[in-house]
Structures are given as C-alpha cells and as structure tokens.
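Residues 8 to 505, numbered by the working numbering, are exactly what the sequence shown covers, in order.
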Amino acid sequence: MPHYLGIDIGTFESKGTLVDDTGRIVATAARPHKMLVPQPGWAEHDAETNWWGEFCSISKELIASSGVAPSDIRSVGASGIGPCMLPVDADGVPLMNAVLYGVDTRAAVEIEELSAEIGVDELVRTGGNALTSQSVGPKILWLKKNRPELYARTHKVLNSSSFLVHRLTGRYVLDHYSACSSSPLYDAASNQWTDRFADRIIAPERLPGLLWTTDIAGTVTAAAADATGLAAGTPVIAGTIDAASEAVSVGVQGTGEMMVMYGSTMFIILVTDRRVEDPRLWYAPWLFQGQHACMSGTSTSGTLTRWFQDQFARELDPKSALRELAEQAATSPAGANGLVVLPYFSGERTPIHDPQAKGMLFGLDLTHTRADIYRAFLEGIAYGVNDVIETYVGAGAPLKTIAAVGGGTKNQVWSQSVSDVSNWPQTVRAKTIGAAYGNAFLGAVAVGNARRSDISAWNPVERLIEPDSGNAAVYARRRKTFKELYARTKDLMKEASR
Numbered sequence: 008m009p010h011y012l013g014i015d016i017g018t019f020e021s022k023g024t025l026v027d028d029t030g031r032i033v034a035t036a037a038r039p040h041k042m043l044v045p046q047p048g049w050a051e052h053d054a055e056t057n058w059w060g061e062f063c064s065i066s067k068e069l070i071a072s073s074g075v076a077p078s079d080i081r082s083v084g085a086s087g088i089g090p091c092m093l094p095v096d097a098d099g100v101p102l103m104n105a106v107l108y109g110v111d112t113r114a115a116v117e118i119e120e121l122s123a124e125i126g127v128d129e130l131v132r133t134g135g136n137a138l139t140s141q142s143v144g145p146k147i148l149w150l151k152k153n154r155p156e157l158y159a160r161t162h163k164v165l166n167s168s169s170f171l172v173h174r175l176t177g178r179y180v181l182d183h184y185s186a187c188s189s190s191p192l193y194d195a196a197s198n199q200w201t202d203r204f205a206d207r208i209i210a211p212e213r214l215p216g217l218l219w220t221t222d223i224a225g226t227v228t229a230a231a232a233d234a235t236g237l238a239a240g241t242p243v244i245a246g247t248i249d250a251a252s253e254a255v256s257v258g259v260q261g262t263g264e265m266m267v268m269y270g271s272t273m274f275i276i277l278v279t280d281r282r283v284e285d286p287r288l289w290y291a292p293w294l295f296q297g298q299h300a301c302m303s304g305t306s307t308s309g310t311l312t313r314w315f316q317d318q319f320a321r322e323l324d325p326k327s328a329l330r331e332l333a334e335q336a337a338t339s340p341a342g343a344n345g346l347v348v349l350p351y352f353s354g355e356r357t358p359i360h361d362p363q364a365k366g367m368l369f370g371l372d373l374t375h376t377r378a379d380i381y382r383a384f385l386e387g388i389a390y391g392v393n394d395v396i397e398t399y400v401g402a403g404a405p406l407k408t409i410a411a412v413g414g415g416t417k418n419q420v421w422s423q424s425v426s427d428v429s430n431w432p433q434t435v436r437a438k439t440i441g442a443a444y445g446n447a448f449l450g451a452v453a454v455g456n457a458r459r460s461d462i463s464a465w466n467p468v469e470r471l472i473e474p475d476s477g478n479a480a481v482y483a484r485r486r487k488t489f490k491e492l493y494a495r496t497k498d499l500m501k502e503a504s505r
C-alpha cells in the first residue's frame, strides 16, 4: 500500500507522521528542542541539529516503528517554522544559527530604514506586505550590516523548508507562499524575486528558486537516503511554512475559510479569492496557483503558557503540568475574576506590530489565585485573537468559517475562551497532529494519489466549539479593558525598552 511521509519542524518540537492512502496514521514520532534566546529580542535554532538532525532521526524512527518498506513511501513533505533567515555557504552548510520568524525582533532598525525608504503604500502594492518582524528582507539587511563577513560568504539564504529540501534533493527551492514573507524581495504581481534591492539587500540569485508547494522539487539523493532511511529516488515536494500545512490538515481550502493555529504563537490564515491589502495583515499567494491568503500572527501563546508553567508551577510534573493548570483555570469564572493580561511578552505582531509592547497582568488583589491568573493568561491570548479577527473583518476579508488546530485545542478553557471572546464558532477535526499530517496529504496530492477535496475523508470534523452566550457580557467589558490597557500604556512601554 502506498504511504506518505510528513515531517514538520516547530518552534519547540519536531513532529513526523507516516500515513497510508486512506489517511490513516500508521506511525508518529517527535523530538523536543529549545528555542535559543541569546539576548532579548533574538530567537534562533541550530539548523544542523534541530532541523536536519531531527528530520533524519524522525524519518528513521517512523520507518522502523511502522514496518513500512522505504520503497512503499511514495512522497516526502517537509515544512517548518517561518519565515526564517538562514545563510548557507556554497556547500549548503549554515553560517550561523537560523534567525526565526516574527518572534525575533533584531531587525527593528532595518525595518524602520526600509519602510522610510520605500514607503508602506509601495510595499503593500508591490509585495502585499508592510515590513514587520515577520519580514525576511530586513533580517538579511541586518546580516549585511552586522555580520558582513558572513554575508560575504553567503551562497543562499534559506528558510526551514528550503534547507530541508536542499538536504534531501540537493536543490535550492522555496514555495511562493513562503517567499512572499521575504518582503520587500518578492514581487506579488509577477510571483518572482525582484532585483530592485540587489545592491541594498541581496541579489535574487542568492535566493532559492521558486515553486508551488505541491511541485516536485526533486528526489531523495543517495546521501540523503543513507541519512534518513528513505529510498533514493523518492519524490520530495517543495513544501511550505508549518502554518500553511496546518491549515491544509484541517480542511482549509476555499474562500472565506480560516485556520486558527494554537501553537507556540497563534497563527491565523484566511484563504481568499483576491488580495486583501491591509498593512496590519500579511499577504501571500496560497499554496495552489490562483488562490490567495491573508495571514496574521501573535508573538506568544504556547510560549506564554510554557513560561507560566516554568515560573509558577514548578512543583507539578512537567508531563502533566499544562493539563493540571487547565483544570485549575476551569475553576475560575469567565473573566478571571477581573484580571486582564496583555500577552505581549515578546512584543506583538498582528495587529499592532509593536516589538516594544510589554506583557501586563492587570487587576490583581489579595483574593486572586493561581487558577485566576492562569485563566487570565489564556483569556489574554483570546483577546489578542479577537483583535486579529476584527482586523480581518475591518479590512473586508470574506470570513465564513474558522477551523482550530494545534495542541492548544486540547485545553477546553483556552479554545472556549477564543469562541466566547470573538463570538465565532470553531470546528475541530478528528486528527490534530497538524502540519506533519498536512505535509503527508500534500505529498499524496503531488504524486496524483489524492485530490484536494479528499481531506474531508482523511480528517473529518469531530466537534464544534460554540460561543457561550452567557459569557458575552463579561467578555464585552474585558475586551474594552484589554484594548484600553495597551492604548494607555504603549508610550510607557517604549520608555521601558530604552
């Protein structure tokens, strides 16, 4: 029977799955790792160890534990966190740790410089995006200015998926969806790299070639076969950023369909039939030619719950701590007994795009418990998601349905808070493994063994999270407080950043 391998590199964990041609999960594997924070505002991965090393070990484990012959694996799909910035030399060897997506804010100065030079309206017109900490272009400029010796040795600048595809096939390629986050280097009208910034930032020939996600990038080389246990000659798709594969895994494919990913950050994708031009939102061509996507993301969510666990729940078993904290949070009423959290513990991305924003716990008194505080953290993330949804609607985006995915969907307080605060229902699919599963499905589509519509049979809807109308009044008040807290303190936050 044909099988399909999907592996995803996340912020704190790499996951893989082997799936048969009915969508049944045959084997899974995972590897935890750390996000490196060498100084405030920086976020990195060791690409050799965290990306390629874990890909290889997961691939070998999946093959061994499943008993599936490597020759029966008909395709390989890889995704990873992004957009990232990884310079490699002529041999494809990383020259430094990978600079991660929008949680890394080191290029704030370069964002301001380029935005002033080009103009926000022009950036949105040509590339679909204003420059934010999510943009790769300013980070390459940071490399050029601050690590000139490494920049001079840079043969290609890669993302996580393009690094993995190169190791597997020997080819430097990147999908269009990921490439559009390389603002201002990608031209959205022509779907090509632009040479406009060849001198200022980097020349197009030092970037990967461009493909659509389900294009076959190449086949597994003999060296990669030895490293991964895969059969040489196995087709490898171009792949994409993890969030897009997550969206595919939960059936997001038509206009107006949105994914909310409960991960290390909250990442949101809405598929559209046209470009939605709003500088607060990110644009990209969708994974399939002719469709478009409108994206957004917060700077924290799972990172915030993990931080809370590490700082305030050390006595709990790490394996069950988040579940126990969620159970405690359920004993606190909606509204967390008056507490409101600004979840800006690593600045914030959508919609305020303020790398100097700070976290805040507001409303404490001597009666509050850990349960109240943890619930307030979960609700703070929900208020942030609501701000994002309001931004989509305000920009005229055609929102119709929301699908939830990711580990956070297992936390009923958290997912229910998002529906209650936003007043939008969310569907949850039977399989919540996420991007790795989406990669396997995309691989099946790429080799002609599945149609895009087959995802409904592969992964049917399991439950619906409906807004609780009984909580509407309290959340209406707390939403107002949430918005005013940032508006009234953002200048103080900037002062605190000096």
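A virtual CB, placed ideally from N, CA and C, is assigned to each residue, including glycine.
No experiment lies behind these values; they were computed from the predicted model shown.
Query raised in the report: With a cut-off of 8 Å, do at least 3 Cβ pairs link the region 118 to 132 to the region 190 to 203?
Result: yes
Query - As assigned by DSSP and simplified to three states, the class of M42 - result: coil
**Report entry** From P9, L165, D285, L181, residue whose alpha carbon lies closest to that of D128
**Finding:** D285
Query raised in the report: According to DSSP, which residues form a beta bridge with M265?
Result: L277, I409
Report task. With a threshold of 7 Å, establish whether the CB of N153 neighbours any heavy atom of the ligand SAM. Result -> In the structure shown, the ligand SAM is absent, as is every other ligand, since no ligand is present at all.
**Report entry** Cut-off 8 Å between Cβ atoms - residues of its own chain near A54, not counting five sequence neighbours on either side
**Finding:** L93, P101, N104, A105, S167, F170
Report task. Report buried or exposed for K163, applying the criterion of at least 16 other Cβ atoms within 10 angstroms of its Cβ. Result -> buried
Query raised in the report: Where does H173 fall in DSSP's three states?
Result: helix
Query - Alpha carbon of Y482 to alpha carbon of N430, nearest angstrom - result: 10 Å
Query raised in the report: F295 and R377: beta carbons closer than 8 Å?
Result: no
Requested in this report: Could you tell me the boundaries of the beta strand (DSSP E) in which S78 lies?
Outcome: Where S78 is concerned, there is no enclosing beta strand (DSSP E), given that its DSSP letter is neither H nor E.
Query raised in the report: Would you say I244 and G450 are within 8 Å of each other, going by their C-beta atoms?
Result: yes
Query raised in the report: Between the region 405 to 412 and the region 365 to 376, are three or more C-beta pairs nearer than 8 Å?
Result: no
Query raised in the report: Are the Cβ atoms of R38 and I65 separated by less than 8 Å?
Result: yes
Query raised in the report: So which of E68, R459, A442 has the shortest CA-CA distance to A254?
Result: A442
Query raised in the report: If you check the beta carbons only, do A404 and V283 fall under 8 Å apart?
Result: yes
Query raised in the report: Does the Cβ-Cβ distance between P242 and A453 come in under 8 Å?
Result: yes
**Report entry** Among D280, S252, G135, Q316, the one whose alpha carbon lies nearest that of G263
**Finding:** D280
Query raised in the report: Which whole-angstrom value is the C-beta distance of I32 and K438, which I expect to be below 8 Å?
Result: 7 Å
Query raised in the report: If L368 and L332 are in contact, beta carbons under 8 Å, what's the gap, nearest whole angstrom?
Result: That belief does not hold up - the Cβ atoms of L368 and L332 are roughly 16 Å apart, past 8 Å.
Requested in this report: Can you give me the Cβ contacts of L43 inside the same chain, cut-off strictly under 6 Å, excluding the 5 residues immediately before and after it?
Outcome: E51
Query - First through last residue of the alpha helix (DSSP H) which encompasses D182 - result: Here D182 belongs to no alpha helix (DSSP H); instead the beta strand (DSSP E) covers 180 to 182.
Query raised in the report: Since A320 sits in a beta bridge, which residues does DSSP pair it with?
Result: A320 pairs with nothing; no bridge assigned.
Report task. Could you say which of L329, K501, Q363 lies nearest to Y381 if we only look at CA atoms? Result -> L329
Report task. State the CB to CB distance for the pair D249 and G17, rounded to an integer number of angstroms; the pair is presumed to be in contact (CB under 8 Å). Result -> 6 Å
Query raised in the report: What does W200 pair with, by DSSP beta-bridge criteria?
Result: Y193
Query raised in the report: Can you tell me where the alpha helix (DSSP H) with V116 in it begins and where it stops?
Result: 115 to 125
Query - the region 265 to 277 in contact with the region 415 to 429 per 3-pair CB rule at 8 Å - result: yes
Report task. Excluding the 5 residues preceding and the 5 following G370 in the sequence, name in chain order all residues of the same chain whose CB lies nearer than 7 Å to its CB. Result -> G345, L346, V347
Requested in this report: Give a yes or no on contact between the region 347 to 365 and the region 493 to 504, applying the rule of three or more CB pairs nearer than 8 Å.
Outcome: yes
Query raised in the report: Secondary structure at D249, three-state DSSP: helix, strand or coil?
Result: helix
**Report entry** Euclidean distance between Cα positions of R160 and G342
**Finding:** 53 Å
Query raised in the report: Closest by CA to G240, which one among I80, K151, A337?
Result: I80
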